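**Q** Order-wise, the sequence lines are chains A and B.
In this text, residue positions in the first sequence follow my numbering: the first is 165, and each later residue adds one.
In this text, residue positions in the second sequence follow my numbering: the first is 165, and each later residue adds one.
For each residue, glycine too, the CB sits at the ideal point set by N, CA and C.
Only a predicted model underlies this, so the values are computations on that prediction, with no experimental measurement involved.
Would you mind keeping the following structure in view while I ask a few things?
Protein chains: 2
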Amino acid sequence: MPAQEQTATGPEAAAQQDVAAAIREAIVRGDFAPNQRLVEADLSRQFGASRSGVRTALFELANEGLVERVQHRGARVRAVTLEEAIEISEVRMVVEGLCAAKAAERATDEELSELRSIGDAMRTAVADGHVMKYSELNQLLHRRIIEISGQATAAGVVERLRAQNVRHQFRLALLPGRPNVSLAEHLAIIDEIGAHAPDAAERAARRHLASVIEALKTA
Amino acid sequence: MPAQEQTATGPEAAAQQDVAAAIREAIVRGDFAPNQRLVEADLSRQFGASRSGVRTALFELANEGLVERVQHRGARVRAVTLEEAIEISEVRMVVEGLCAAKAAERATDEELSELRSIGDAMRTAVADGHVMKYSELNQLLHRRIIEISGQATAAGVVERLRAQNVRHQFRLALLPGRPNVSLAEHLAIIDEIGAHAPDAAERAARRHLASVIEALKTA
DNA sequence: GATCAGCGGATCGTCAACGATCCTTACGAC
DNA sequence: GTCGTAAGGATCGTTGACGATCCGCTGATC
């Protein structure tokens, strides 16, 4: 039974509103290991919130698929299996494909130059071997494309799905040689959006996510 | 200020566990009008549950997108605009396309004959002008295809989205001439799944949902 | 030595009451 | 007549405590 006070980074000031956000971040950052039990009383002490707040937060996180809840047995961090990670990526593949298509239709010149500058930054990040930086740009690019698409529903769906397999996504970025493959696919997406070619943009986005799925399978 | 006890169909025996399900059903069935305020105390009396249970339920429904919550101002039934209904259908289009493709890969002979029998039932329902029956078969077909695809993640996403625009979906089925168009598209999906042709099945599913979107726009 | 009933601790689910916040209405000043 | 302001009511958010349920352990029995 390990001690629970590992996060010494000042969590005590959490407003009891967004205790959900705090717990979510802790899970995503890996402070809570998969399958770790999340006892309401402990969390309430740890985050300086009431048990009701923690309880509400756990319900919310359960709906997002980040924690599992069993009647009278409490909550635990949900461990996303490889099969689930693949399923999630498959859904992301088609939904982000849709967003890429709509982005290709709607993107303004200003937004296009922003995407291209992200692409340039990715290129240099890969050239310089900055894996961490590339991973951030990766997320940024995906997010911006979805925002540009103006598809709020799709944005919500993808956001929820993305939170569930950050762990797998992250592990992927560390594979040697992976950034090079990924970079070309990302640049292709940007090009097709820049050409205002919806179908081609969708295909490019799907090709990229399909490649992610393949990488997941062989990891 | 109208009286709130309109549902006389014995809601008082609701176990405080699934009060969420009861409220959800009431919203979907139209017992609660869009934008109607949902006051916790009233609901607790109406469903014979504690305010805590109602509160938890409202949080859950908010996460599903069926109700809106504002800080200190309570919950109300979320009114799905036409734009949102279109967005939802767009996401459904690509996700159900994915499911159709996977169903075409995995469907057993038994499952195929089940799908075909649903198709036959739809045909006769349209021929006999049974709109209600057709609408039910419509839902059943979509659900079964998703189940056959074995994509649990996609199933969850679609289920959540479907609950949000039942109202629009339902209004659509009542359009004159609509069932005939819809029927042909459904049969095409079944055929392509039966032919174990993933790409064609995906295209057929997308064609169908695209047609739904067009119908929504002109409604 | 293995199995099973009973007990105790731990944890969750529920409840009622309190405090905080916001909207509405009424009142007065300009 | 219009605007600003203050009281009142309604509703939500939070707290603390109680009861219900489940798991692990102990000890007796076969």
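Pick helix, strand or coil for VAL244/B, following the three-state DSSP scheme.
**A** Your numbering for residue 244/B matches position 80 in the second sequence. In this structure, VAL244/B counts as coil in the three-state DSSP scheme.
**Q** Please state if the CB of VAL322/B and the CB of ILE310/B are separated by a distance shorter than 8 Å.
**A** Start at 1 with the first residue of the second sequence, and residue 310/B comes out as number 146. Start at 1 with the first residue of the second sequence, and residue 322/B comes out as number 158. Yes, the pair counts as a contact, with Cβ atoms nearer than the cut-off.
**Q** Would the segment 230-244 of chain B and the segment 269-282 of chain B be scored as touching if the rule is three or more Cβ pairs under 8 Å?
**A** With a cut-off of 8 Å, the segment 269-282 of chain B and the segment 230-244 of chain B do not count as touching, because too few Cβ pairs lie within range.
**Q** Please state whether DSSP places VAL234/A in a helix, a strand or coil.
**A** Working through the first sequence from its first residue, we reach residue 234/A at position 70. Three-state DSSP puts VAL234/A in a strand.
**Q** Which of the three DSSP states is assigned to LEU351/A in this structure?
**A** On the first sequence, position 187 is the one that residue 351/A refers to. LEU351/A falls in the helix class under three-state DSSP.
**Q** Would you decide whether THR317/A is buried or exposed? Buried here means 16 or more other CB atoms lie within 10 Å of its CB.
**A** What you label residue 317/A is simply residue 153 of the first sequence in a count that begins at 1. When all chains shown are included, THR317/A counts as buried.
**Q** For VAL295/B, which residues from the same chain have a beta carbon less than 7 Å from its beta carbon, with the 5 sequence-adjacent residues on both sides left out?
**A** Along the second sequence, one-based indexing puts residue 295/B at 131. If we look at VAL295/B and ignore the five residues flanking it on each side, its Cβ neighbours are ALA337, LEU338, PRO343.
**Q** Starting from ILE282/A, find everything on chain B with Cβ-Cβ shorter than 8 Å and list it in chain order.
**A** Walking along the first sequence from the start, residue 282/A turns up at place 118. Near ILE282/A there are no residues of chain B at all, since even the closest Cβ is about 24 Å away, more than 8 Å.
**Q** Cβ atoms of GLY261/B and ARG188/B: under 8 Å apart, would you say?
**A** Residue numbering aside, residue 188/B sits at position 24 when the second sequence is read from its first letter. Residue numbering aside, residue 261/B sits at position 97 when the second sequence is read from its first letter. Not closer than 8 Å, so no.
**Q** CB-CB under 6 Å to ALA368/B, same chain, minus the five flanking residues each way: which ones, in chain order?
**A** Locating residue 368/B in the second sequence gives position 204, counting from the first residue. Here the set comprises ALA352, ILE353, GLU356.
**Q** Just tell me which of ASN329/B, GLY320/B, ALA319/B, ARG307/B has its CA closest to the CA of GLY194/B.
**A** Along the second sequence, one-based indexing puts residue 194/B at 30. Nearest C-alpha to GLY194/B: ASN329/B.
**Q** Excluding the five sequence neighbours on either side, which residues of its own chain have a C-beta within less than 8 Å of the C-beta of GLY174/B, listed in chain order?
**A** Here residue 174/B is taken as the residue at index 10 of the second sequence, counted from 1. At GLY174/B, the pLDDT of 36 sits below 50, so the modelled position is not reliable and the matter cannot be decided from this model.
**Q** If we count the other Cβ atoms within 10 Å of its Cβ and call it buried at 16 or more, is GLU176/B buried or exposed?
**A** The residue labelled residue 176/B in the question sits at position 12 within the second sequence. Here GLU176/B scores only 39 on pLDDT, less than 50, and its place in the model should not be relied on; the value that follows carries that caveat. Per the 10 Å Cβ criterion, exposed.
**Q** Tell me whether ALA359/B, by its Cβ, gets closer than 7 Å to a heavy atom of the ligand MN.
**A** Summarising the ligand content, the structure contains no ligands, and the ligand MN is consequently not present.
**Q** According to a CB-to-CB cut-off of less than 7 Å, which residues of the segment 243-269 of chain B neighbour chain A?
**A** So the list reads GLU248, GLU251, ILE252, GLU254, VAL255, VAL258, VAL259, GLY261, LEU262, given in the order they occur along the chain.
**Q** Could you confirm whether any beta carbon from chain A is found closer than 8 Å to the beta carbon of THR288/B?
**A** Sequence index remark: in the second sequence, residue 288/B carries index 124 (1-based). Closer than 8 Å: no.
**Q** If the cut-off is 7 Å on Cβ atoms, which residues from the segment 222-233 of chain B count as contacting chain A, listed in chain order?
**A** Listed by position along the chain: PHE223, GLU224, ASN227.
**Q** Within 8 Å of any Cβ in chain B, is that where the Cβ of GLN315/A sits?
**A** To locate residue 315/A, count along the first sequence from 1; it is residue 151. Interface residue, yes.
**Q** Going by beta carbon distance, what residues of the same chain come within less than 6 Å of VAL376/A, once the five residues before and after it are set aside?
**A** Here residue 376/A corresponds to residue number 212 of the first sequence, with the count starting at 1. Correct list, in chain order: SER253.
**Q** Using a Cβ-Cβ cut-off of 7 Å (strictly less than) and excluding sequence neighbours within five positions of VAL259/B, which residues of its own chain qualify?
**A** Here residue 259/B corresponds to residue number 95 of the second sequence, with the count starting at 1. Same-chain partners within the cutoff: ALA318, VAL321, VAL322.
**Q** Are the CB atoms of HIS332/B and LEU380/B within a distance shorter than 8 Å?
**A** One-based indexing of the second sequence puts residue 380/B at position 216. One-based indexing of the second sequence puts residue 332/B at position 168. Taking 8 Å as the Cβ cut-off, LEU380/B and HIS332/B qualify as a contacting pair.
**Q** May I ask you to report which of helix, strand or coil DSSP gives LEU207/A?
**A** Within the first sequence, residue 207/A is the residue found at index 43, counting from 1. The answer is helix: DSSP assigns LEU207/A an H, G or I state.
**Q** Would you kindly report the start and end of the unbroken alpha helix (DSSP H) that includes HIS332/B?
**A** Indexing the second sequence from 1 puts residue 332/B at position 168. Residues 330-337.
**Q** Does GLU169/A get closer than 8 Å to chain B when you measure Cβ to Cβ?
**A** As a working note, residue 169/A is residue 5 in the first sequence. With a pLDDT of only 33 at GLU169/A, under the threshold of 50, the placement of this residue in the model should not be trusted; the figure read from the coordinates follows. No, because no Cβ of chain B sits closer than 8 Å to the Cβ of GLU169/A.
**Q** Cβ closer than 9 Å: which chain A residues qualify as neighbours of VAL321/B?
**A** Here residue 321/B refers to the residue found at position 157 of the second sequence. The contacting residues are VAL255, VAL259, VAL321, ARG324, LEU325.
**Q** Going by C-alpha to C-alpha distance, which of ALA374/A, ALA361/A, ASN302/A sits closest to HIS350/A?
**A** The residue given as residue 350/A occupies position 186 in the first sequence. The residue with the shortest Cα to Cα distance from HIS350/A is ASN302/A.
**Q** Would you mind giving the Cβ-Cβ distance between ALA383/A and ARG335/A, rounded to the nearest angstrom? I have them listed as a contact below 8 Å.
**A** For this step, residue 383/A is matched to residue 219 along the first sequence. For this step, residue 335/A is matched to residue 171 along the first sequence. About 7 Å separates the two Cβ atoms, so the contact holds.
**Q** Which residue's Cα is closest to the Cα of SER313/A: GLY212/A, LEU246/A, GLU366/A, GLN235/A?
**A** Along the first sequence, read from residue 1 onward, the residue named residue 313/A stands at position 149. Looking at the Cα atoms, GLU366/A is the closest of the given residues.
**Q** Given a cut-off of 8 Å, decide if LEU246/A and MET286/A are closer than it, judged by their beta-carbon atoms.
**A** In the first sequence, the residue the question calls residue 286/A occupies position 122. In the first sequence, the residue the question calls residue 246/A occupies position 82. Against a cut-off of 8 Å, the Cβ pair of LEU246/A and MET286/A comes out as no contact.
**Q** Measuring alpha carbon to alpha carbon, tell me which of ALA226/B, ARG242/B, ALA205/B ends up nearest PHE196/B.
**A** Taking the second sequence and counting its residues from 1, one reaches residue 196/B at position 32. Cα-wise, what sits closest to PHE196/B is ARG242/B.
**Q** Between the beta-carbon of VAL255/B and the beta-carbon of GLY217/B, is there less than 8 Å?
**A** The residue you call residue 255/B lines up with position 91 of the second sequence. The residue you call residue 217/B lines up with position 53 of the second sequence. Contact flag unset, no.
**Q** Which residues in the same chain have their Cβ closer than 7 Å to the Cβ of ARG240/A, if we skip the five residues on either side of it in sequence?
**A** Residue mapping note: residue 240/A aligns to position 76 of the first sequence, counting from 1. Result list for ARG240/A: ASN199, GLN200, ARG201, LEU202, VAL231, GLU232, in chain order.
**Q** Buried or exposed, going by whether 16 or more other CB atoms sit within 10 Å of the CB of GLY293/B?
**A** Counted from its first residue, the second sequence places residue 293/B at position 129. Classification for GLY293/B: exposed.
**Q** Distance check for GLU300/A and ALA271/A, CA to CA, integer angstroms please.
**A** Stepping through the first sequence from its first residue, residue 271/A is reached at position 107. Stepping through the first sequence from its first residue, residue 300/A is reached at position 136. Distance between the alpha carbons of ALA271/A and GLU300/A is about 22 Å.
**Q** Measuring only the C-alpha atoms, how far is ALA190/B from GLN315/B?
**A** Along the second sequence, one-based indexing puts residue 190/B at 26. Along the second sequence, one-based indexing puts residue 315/B at 151. Going from the Cα of ALA190/B to the Cα of GLN315/B covers about 29 Å.
**Q** When burial is assigned at 16 or more other CB atoms within 10 Å of the CB, is GLN210/A buried or exposed?
**A** Sequence index remark: in the first sequence, residue 210/A carries index 46 (1-based). Label assigned to GLN210/A: buried.
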